[in-house]
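Numbering of the sequence shown is given in the working numbering, commencing with residue 675 and proceeding in unit increments.
Ideal placement from N, C-alpha and C gives every residue a C-beta, glycine not left out.
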Amino acid sequence: MKVLVTGAAGFIGMHVSKRLLARGDTVVGLDNLNEYYDVNLKLARLEQLKHPAFTFHKLDVADGPAIDALFAAERFDRVVHLAAQAGVRYSLTNPHEYIRSNITGFLNILEACRHFPVQHLVYASSSSVYGGNTRLPFTESDNVDHPVSLYAASKKSNELMAHTYSHLFGTPSTGLRFFTVYGPWGRPDMALFLFTKAILAGEPVNVFNHGKMQRDFTYIDDIVEGVVRVLDRAPQPNPGFDTASPDPAHSWAPYQVLNIGNHGPAGLLEYLDALEEALGKKAQRNYLPMQPGDVPATFADTTLLTEWTGHKPGTPIREGIRRFVEWYRQAN
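The following block contains the structure:
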């Protein structure tokens, strides 16, 4: 297959690209290499993708004509759309970037998939769409109409936009709601990276909501396995879809959304304990209130993912953190 991976210089994008290349696919990577975090890390990830079957284009998904030209030239079989402006807290101060990248950029991808049809569009949604929901675990059939950050709202919008294109133009699409992804080559604005850097430097770590947080921490290899298995199985229209009592997870169109999480949340303090153990060093803990736009707990019900693909994520936190620390020590 010829697969487009947008955000190929990103954390998940690099790992997905490597996996697709390893199994023999041709991969075209796209990334705008923006300065949201250190570009050198993105360039180092691209070095990991040097392969005869990989080509890279420095493009912005918000550039509609450039995206159309790329699709016209390459004629992709499948698309993995991971490019987005990430981060909940950044959306509080830079809201326009989320509309440009996550809404306009996604529209450009949808339009390109419409005019140059693909077998399957798999795109990154987020656990943040569950917003103010408090019933755990989160299931794809839950209502997600109460986002608590613009980032979350942009991801919910992506799901709605994808459904519209699946309905109107028959574009098979799957939205993947990622739950707190961590591991080697991770983003430096994420907790594990920030905690590790601070502990090794002897600096305090910021622990929000006074540590009363739970996250469904999901190791990168589990995410990649899920993405690739989903990519290989496009959704079909559900002829039995009940329009009188619609299930948000499915549709009469070739559309679905799926959770990818570890199906077992851990407390933030447990996460920090595991990191201290892997580093062999204690953290100075600076306990702070909850941040605006954040939520106290996430927990993924991954039943639909397992039923659809046979994949059941489950890398233990201590194992995943140990692998991250090994990578971090080698990389720094």
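Looking at the DSSP output, His789 bridges to nothing.
Annotation for Ser840: the continuous alpha helix (DSSP H) segment containing it runs Leu824 to Phe843. Per the coordinates, the alpha-carbon of Glu833 lies some 26 Å from the alpha-carbon of Glu709. Ser801 sits away from Arg861, with the two beta carbons spaced by 8 Å or more. One alpha carbon belongs to Val902, the other to Leu874, and they sit about 35 Å apart.
Spatial neighbours of Leu707 in its own chain (CB-CB distance under 7 Å, excluding positions within 5 residues in sequence) are listed in chain order as Ala683, Val713, Lys716 and Lys732. For Thr813 and Phe853, the gap between their C-alpha atoms comes out near 12 Å. Counting C-beta atoms within 10 angstroms of its own C-beta, Asn776 has 16 or more neighbours from the protein chains shown and is therefore classed as buried. The segment 919–927 makes no contact with the segment 960–972, as fewer than three CB pairs between them are under 8 Å. Here DSSP, grouped into helix, strand and coil, assigns His937 to coil. Runs of the beta strand (DSSP E) spanning 3 or more residues and lying entirely within the segment 854–917 occur at 878–881, in chain order. One alpha carbon belongs to Leu781, the other to Asp896, and they sit about 28 Å apart. For Lys830, the CB contacts under 7 Å within the same chain, skipping 5 residues up- and downstream, are Val803, Val818 and Pro821 in chain order.
In the three-state reduction of the DSSP assignment, Phe730 falls in the strand class, which pools E and B. Spatial neighbours of Glu899 in its own chain (CB-CB distance under 6 Å, excluding positions within 5 residues in sequence) are listed in chain order as His985. For Leu866, the closest alpha carbon among the candidates Thr680, Lys724 and Glu950 is that of Glu950. Under DSSP, Gly984 forms no beta bridge with any residue. Non-local beta-carbon contacts of Arg996 in its own chain, meaning distances under 8 Å to residues more than five positions away in sequence, involve Ala952 in chain order. Linking Gln958 to Glu944 through their CA atoms gives a straight-line distance of about 15 Å. For the pair Ser815 and Lys955, the Cα-to-Cα distance works out to about 42 Å.
When secondary structure is reduced to three states using DSSP, Gly738 falls in the helix class.
For Val753 and Gly876, the gap between their C-alpha atoms comes out near 43 Å. Its Cα nearest to that of Leu694, the residue Asp751 stands out among Ser823, Asp751, Asn936 and Ala740. The C-beta separation of Gly885 from Tyr961 comes to about 6 Å, placing the pair in contact by the 8 Å criterion. In this structure, DSSP gives Arg763 a state outside helix and strand, which the three-state scheme calls coil. In the three-state scheme derived from DSSP, where H, G and I count as helix and E and B as strand, Ala798 is classed as strand.
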